[in-house]
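Protein chains in written order, with the working numbering: chain A, 1 to 444; chain B, 1 to 258.
Where is the CB? At the ideal position from N, CA and C, for every residue including glycine.
All of these numbers come straight from a predicted model, not from anything done at the bench.
Reviewing the structure listed below.
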């Protein structure tokens with residue numbers, strides 16, 4: 001028996017209906033198998049820059065830029081031997097013969113995409129197993145396959161692990177996971193939020209709808225992990241994920257389409273309010289003396305979901321029409337300011353998104369340093385205040401940018417985003433989550 | 001919901017009505033002066049009139065775009081299509097009955113213009129857009145009733161000090177002396193661009209709006225004009241909004257029919 005009565009229609013990223021009357025809980029991170037698989041893949045998937053290891057060994061530049069150990073060099077043709085390295089790594093990582101271990105050779109051997117088996121992950125309590133076992137397996141493989149002697153093994157370690165354990169993270173290393181080391185999380189349950197928007201945009205190959213979906217899945221799954229999406233707040237987050245991230249009832253797509261050719265952010269606000277009135281989410285109360293009509297609602301959670309979806313549509317229209325990511329904080333503040341003044345009801349996340357926008361505007365426009373929106377994430381000191389509703393918009397905006405920034409998403413993400421885009425569930429989350437929701441809808 | 005019409009702003013005061021008017025894109029802003037296209041370009045100082053637009057990326061049609069349903073759906077602005085740089089115009093507004101206060105610039109910019117990035121800071125409001133889009137927007141911002149040559153100013157850098165007092169001609173203090181009052185013509189004349197680089201020829205931006213006219217047009221609340229607290233409808237609107245924000249943060253399920 002479902003806890004909540006809400007049923008929604010599922011749509012794809014092009015506004016085509018996929019399924020009708022699906023219980024909202026079929027989209028919950030607690031129930032949807034695809035979301036759970038995405039979360040697992042985020043933990044299990046590790047990117048190896050084999051070309052980087054080869055170069056580091058060759059030049060002795062290990063542990064980060066300018067960190068060169070003169071006189072130390074190993075000439076190993078790792079890129080050429082990528083297939084045999086992948087085979088050996090797979091054997092090292094496998095727990096049992098037919099488990100889900102995978103080592104995929106990409107870009108002619110320059111990169112490897114590693115999936116560490118779930119069994120290995122489950123034997124520990126930390127998600128770092130993914131990165132540590134991959135790095136260790138790679139070291140052992142290089143030493144064995146390339147017959148590296150005891151005197152050079154340390155250089156292999158430094159080329160793979162970087163400056164770790166001198167540093168907290170693998171600084172200058174060539175093994176990377178989407179997730180940062182736990183010490184870099186700002187609080188409990190922040191792991192899934194500590195992923196810059198640049199990675200998300202590249203993993204989803206700059207499809208703005210999928211970028212928003214993947215980001216929303218990770219942000220809202222984190223809400224459950226952080227202790228936010230529970231009790232009176234669970235439905236708020238479920239609706240937020242569904243309406244903003246997963247385009248249910250085609251709200252994001254419809255509002256974007258309505259304003260795609262000539263619309264302004266103000267027009268997007270009007271479309272959002274119009275739809276909320278038409279769907280019975282808000283209703284007018286008595287006119288004031290000036291003729292202004294304030295609105296009220298019996299379902300503030302759903303109104304919040306509508307504002308979250310409208311705000312994402314505002315990003316699609318504003319950043320989309322300018323093909324630029326920098327408008328993101330401006331949309332955060334003024335979509336909410338305008339929607340509040342239009343209705344008299346609180347904006348998205350009850351003021352937290354507008355507040356986040358103010359800070360983000362300062363730190364994304366070279367006023368107090370910072371960086372472009374591609375570096376921001378839900379664990380960032382400036383953008384962590386909204387509970388999962390801002391970062392999906394940032395990811396979508398980064399996806400829509402045509403190249404207006406000095407530090408491009410490609411430069412910020414390095415190889416990680418590109419390598420992980422090989423995982424279909426991460427690249428096209430909307431499709432997989434919809435399919436999984438339909439499969440389980442009778443059982444929730 | 002065919003009956004729904006955007007209402008933009010609550011309140012019963014004259015200032016609220018002005019805010020509502022300026023925010024409504026169907027209201028055509030009254031043109032009060034003419035500044036030529038070339039002069040607008042010179043005042044901003046990003047390029048020389050007639051010079052080709054510099055680009056930050058190739059035109060969209062040449063570079064090709066990733067397969068994205070939103071990119072297919074959303075029409076890029078002319079500047080985005082061409083790959084123009086993103087440039088800015090930045091305004092400073094006096095606290096003494098200027099036509100618009102900083103926040104209004106942001107709200108209004110987003111209801112009237114597409115693809116703009118606006119920020120409100122302590123005394124300055126930059127509006128950023130692709131260069132050729134910006135030039136069109138800037139012209140309207142300078143030529144119409146929302147700009148007063150004396151109480152609004154284009155200042156790309158060193159903006160502050162404007163709120164302290166007006167000089168003997170009613171102009172805002174400007175540390176870089178970008179503009180002067182021409183007593184002969186009675187007009188405000190820019191001798192430097194918004195950044196403070198001297199112009200080859202001064203550019204006149206018209207006569208200051210008269211005090212009583214400014215008080216009619218202003219969308220700024222002031223104790224010695226239309227006080228915010230006197231607009232009871234607006235005050236209760238804002239109070240309700242903040243109460244709802246707070247109550248919703250405590251438990252959104254308990255906020256019903258309020």
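- Think of a sphere of 8 Å around the beta carbon of residue 16 (chain B): the chain A residues whose beta carbon falls inside it are 290, in chain order.
- Chain-ordered, the chain A residues with CB closer than 8 Å to the CB of residue 11 (chain B) read 290 and 292.
- Any Cβ of chain B closer than 8 Å to the Cβ of residue 403 (chain A) would place that residue at the interface, and such an atom is present.
- For residue 193 (chain B), the three-state secondary structure derived from DSSP is coil.
- Taking 8 Å as the threshold, the shortest C-beta distance from residue 316 (chain A) to chain B falls below it.
- The DSSP-derived three-state label of residue 171 (chain A) is coil.
- At a cut-off of 8 Å between beta-carbon atoms, residue 77 (chain B) makes contact with chain A.
- For residue 420 (chain A), the number of other beta carbons within 10 angstroms of its own is at least 16, and it is reported as buried.
- Take the alpha-carbon of residue 14 (chain B) and the one of residue 390 (chain A): they are about 36 Å apart.
- According to DSSP, residue pairing for residue 45 (chain A) in a beta bridge involves A:115.
- The C-beta of residue 3 (chain B) has fewer than 16 other C-beta atoms within 10 Å across all chains shown, which makes the residue exposed.
- Under the 10 Å beta carbon count, residue 84 (chain A) is surrounded by fewer than 16 other beta carbons and is classified as exposed.
- Under the three-state reduction of DSSP, residue 55 (chain B) is assigned to strand.
- CA-CA distance, residue 77 (chain A) to residue 23 (chain A), rounds to 54 Å.
- Taking C-alpha positions only, residue 152 (chain A) is separated from residue 75 (chain A) by approximately 11 Å.
- Here residue 158 (chain B) has 175 and 176 as same chain residues with Cβ atoms under 6 Å from its own Cβ, once five neighbours each way along the sequence are excluded.
- In this structure, residue 203 (chain A) sits away from residue 38 (chain A), with a CB-CB distance that is not shorter than 8 Å.
- Non-local beta-carbon contacts of residue 358 (chain A) in its own chain, meaning distances under 7 Å to residues more than five positions away in sequence, involve 333 in chain order.
- With fewer than 16 other beta carbons inside 10 angstroms of its own, residue 223 (chain B) counts as exposed.
- Judged by DSSP in its simplified three-state form, residue 408 (chain A) adopts coil rather than helix or strand.
- For the C-beta of residue 205 (chain A), the chain B residues within less than 7 Å are, from N- to C-terminus, 66.
- Of all residues in the segment 165-189 of chain B, none has a C-beta nearer than 9 Å to a C-beta of chain A.
- Note that the C-beta distance between residue 190 (chain A) and residue 226 (chain A) is below 8 Å.
- Distance from the CA atom of residue 92 (chain B) to the CA atom of residue 152 (chain B), rounded to whole angstroms, is 6 Å.
- When C-alpha distances from residue 76 (chain B) are compared across B:59, B:89, B:87 and B:90, the shortest belongs to B:59.
- Using a Cβ distance threshold of 8 Å, residue 115 (chain B) and residue 126 (chain B) do not count as a contacting pair.
- Listed in chain order, the alpha helix (DSSP H) elements of length 4 or more contained wholly in the segment 118-169 of chain B are 131-143.
- When rounded, the separation of the alpha-carbon atoms in residue 228 (chain B) and residue 221 (chain B) is 5 Å.
- At the C-beta level, residue 78 (chain B) and residue 132 (chain B) come within 8 Å of one another.
- Among the CB atoms of chain A, one or more fall inside 8 Å of the CB of residue 233 (chain B).
- In this structure, DSSP gives residue 325 (chain A) a state outside helix and strand, which the three-state scheme calls coil.
- Within a 10 Å sphere around the beta-carbon of residue 183 (chain A) sit fewer than 16 other beta-carbons, which makes this residue exposed.
- Neighbours of residue 350 (chain A) in chain B, taken as residues at a C-beta separation under 7 Å, are given in chain order as 245, 248 and 249.
- For residue 40 (chain B) against residue 135 (chain B), the beta-carbon gap comes to about 6 Å, under 8 Å, which counts as contact.
- Within chain A, no C-beta atom comes less than 9 Å from the C-beta of residue 154 (chain B); the nearest is roughly 18 Å away.
- Membership of residue 86 (chain A) in the alpha helix (DSSP H) is indicated by the continuous run 82-93.
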